[in-house]
Structures are given as C-alpha cells and as structure tokens.
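**Student:**
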Amino acid sequence: MAFLIMPIYLVFLSVVAIWSTTPLAIQWSTLGSSFNFGVASRMFIGLGICLLLLLIKQQKLNTSSIAISNYIYAGVGVFVTMSLVYYSSQSIPSGIISVVFGLTPIITGVFALVLLKEPFFKLHKIVGLLLGIGGLIIIFGHTLTIASELILGLLAVTFAMTFQSFISVKLKQINANISALETTTGALIISVPLFIL
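Note that our numbering has the sequence shown beginning at 158, numbered continuously upward.
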C-alpha cells in the first residue's frame, strides 16, 4: 500500500491550489445566477456526494447526542460562512477572499487560546500575525478607497473567516470522536435546508 502515500510536498501544493482557487470557483459559480442559487446548489451536490461515499464505505451516520451537537455547530458554520463568502464574492475580488482566509490559522489560534486554553502567542506566531496584517494593509491599502461596497464585502468575508475559525475550535472542544466524512455529511444535512429556505 506504500504506493498510495502522497509525498508531503504534493499534499501541501494540492491544499494551496485548492484553497487559493476556491474563491475564484465561487465567483464563477455565481455568474448568470444569484449567489443564493450558487451556494445552495454547491451544498446540495456536496451532500449527495457525501451520502454516496457513506453508502460506498457502508458507514452509518453517528446519531449520538454529542454527534448531533457536532453536526448542528458544523452545519450552522457552513451556512453562515458560505452564505457570507458567496455574498461578498459579488463585490470583492477572489484574491482578497483568499488573503482574508489566509488569516484563518491566526484567528483559530486566538479562539483556541480562549476556549481550549492552548498556548498561542509564541514569537514565531506573533511574527506570522504581524506579517499577515502587514500583507493585508499592503493589499487593501488602495483597494478600499475605490468603492464603499468593497468595504461591505470585506466585512462580510472577514466575519465569515472569523466565524469559521470559531466553529472549528468549538468542534474540537465538543470532541465528538467521529470521522470527517460524518461531520461533513451531518453539517450538510443541517445546512442544506437552510440554504434552500
């Protein structure tokens, strides 16, 4: 089975490619339709794929009370985050969305410090925080003076990133001990009806 192991640099490059192009894919999916339709259809397709994977793996969805709590938090996280990202994609460039979400590890670290009492503010993390903020200032310095609707989009995507960071730490705090596939499927079962409403 050694041939199935992917080298770490390929994993890293794959993650960078996926996450850096996701905002662009979001913008493309809203062309010719409302952002509501784009996000609802994407989540509906995702739910179908997750259910199919569970069926193929012959895996049942955990329905314990802690698992359901996990699904609810994750589902609300998906709904709020994706709604705001799709909304903001109408008024800000996809590159800005990518940069804002690049701050996710830092904001997640802050929530982990508060909710999980995990140490965060070490020298290398402070340097990373300052570099991230500096990069945002350089990128947004001239952009925010162009139009006021950019500010609304930037606020929406920043809140989306912050909320997603909070939810990821909250799920770790719940510690439901279920697979990522179960968490994703449960989250989509909760969030898809909210997108359709």
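We put the beta carbon where it would ideally sit given N, CA and C, even for glycine.
Bear in mind that the values here come from a model prediction, so they are computed numbers and not experimental data.
Taking contact to mean 3 or more Cβ pairs, one atom from each stretch, closer than 8 Å, check whether the segment 317–333 and the segment 202–218 are in contact.
**Tutor:** Too few Cβ pairs lie closer than 8 Å, so no.
**Student:** Might you give, ordered along the chain, the residues of its own chain that have their beta carbon closer than 7 Å to the beta carbon of V349, omitting 5 neighbours on each side?
**Tutor:** Here residue 349 refers to the residue found at position 192 when the sequence shown is read from its first residue. Correct list, in chain order: M200, F201 and L204.
**Student:** Measuring alpha carbon to alpha carbon, tell me which of V257, L272 and I346 ends up nearest G289.
**Tutor:** Indexing the sequence shown from 1 puts residue 289 at position 132. Of the listed residues, the one whose Cα sits closest to G289 is V257.
**Student:** Quick one: measure Cβ to Cβ for P180 and S255, integer angstroms, because I've assumed they're closer than 8 Å.
**Tutor:** Against the sequence shown, residue 180 aligns to sequence position 23. Against the sequence shown, residue 255 aligns to sequence position 98. With 8 Å as the limit, P180 and S255 qualify as a contact, their Cβ atoms being about 5 Å apart.
**Student:** CB-CB under 7 Å to F322, same chain, minus the five flanking residues each way: which ones, in chain order?
**Tutor:** Stepping through the sequence shown from its first residue, residue 322 is reached at position 165. Inspection of the sequence shows that residue 322 is occupied by Ser rather than by Phe. Once the five neighbours on either side are set aside, the close Cβ partners of S322 are T261, I264, T265 and F268.
**Student:** Using only CA atoms, which one of L212, L338, L307 and L312 lies nearest to A224?
**Tutor:** Position 67 of the sequence shown, counting from 1, holds the residue named residue 224. The option with the nearest alpha carbon to A224 is L338.
**Student:** In this structure, does DSSP put G259 in helix, strand or coil?
**Tutor:** Within the sequence shown, numbered from 1, the residue matching residue 259 stands at position 102. Of the three classes helix, strand and coil, the one that applies to G259 here is coil, per DSSP.
**Student:** Suppose you measure from the CA of L209 to the CA of K279; what does that come to, to the nearest Å?
**Tutor:** One-based indexing of the sequence shown puts residue 209 at position 52. One-based indexing of the sequence shown puts residue 279 at position 122. When rounded, the distance between both Cα atoms is 43 Å.
**Student:** Comparing alpha-carbon positions, which option in M239, Q215 and N227 lies nearest A197?
**Tutor:** Translated into positions along the sequence shown, residue 197 becomes position 40. Taking only the C-alpha atoms, the option nearest A197 is M239.
**Student:** Got a sec? Which residues, its chain only, sit under 6 Å from G310 by beta carbon, not counting five neighbours each side?
**Tutor:** Your numbering for residue 310 matches position 153 in the sequence shown. These residues qualify, in order along the chain: S245, S248 and I249.
**Student:** Using 8 Å as the threshold, is the C-beta distance between V235 and A344 below it?
**Tutor:** For the purposes of this step, residue 235 is taken as residue 78 along the sequence shown, with counting starting at 1. For the purposes of this step, residue 344 is taken as residue 187 along the sequence shown, with counting starting at 1. Yes, Cβ-Cβ distance for V235 and A344 is below 8 Å.
**Student:** Roughly how far, in whole angstroms, is the beta-carbon of T319 from the beta-carbon of A231, given that I think they are within contact range, below 8 Å?
**Tutor:** As a position in the sequence shown, residue 319 is number 162, starting the count at 1. As a position in the sequence shown, residue 231 is number 74, starting the count at 1. Not quite, the Cβ-Cβ distance comes to about 16 Å (not below 8 Å), so this is no contact.
**Student:** Between which two residues does the alpha helix (DSSP H) containing A317 stretch?
**Tutor:** Position 160 of the sequence shown, counted from the start, is the residue given in the question as residue 317. Counting along the chain, the alpha helix (DSSP H) containing A317 begins and ends at S305 to I331.
**Student:** Please name the residue, chosen from I353, Q330 and L351, that lies closest to S226 on a Cα-to-Cα basis.
**Tutor:** Taking the sequence shown and counting its residues from 1, one reaches residue 226 at position 69. Among I353, Q330 and L351, the Cα nearest to that of S226 is on Q330.
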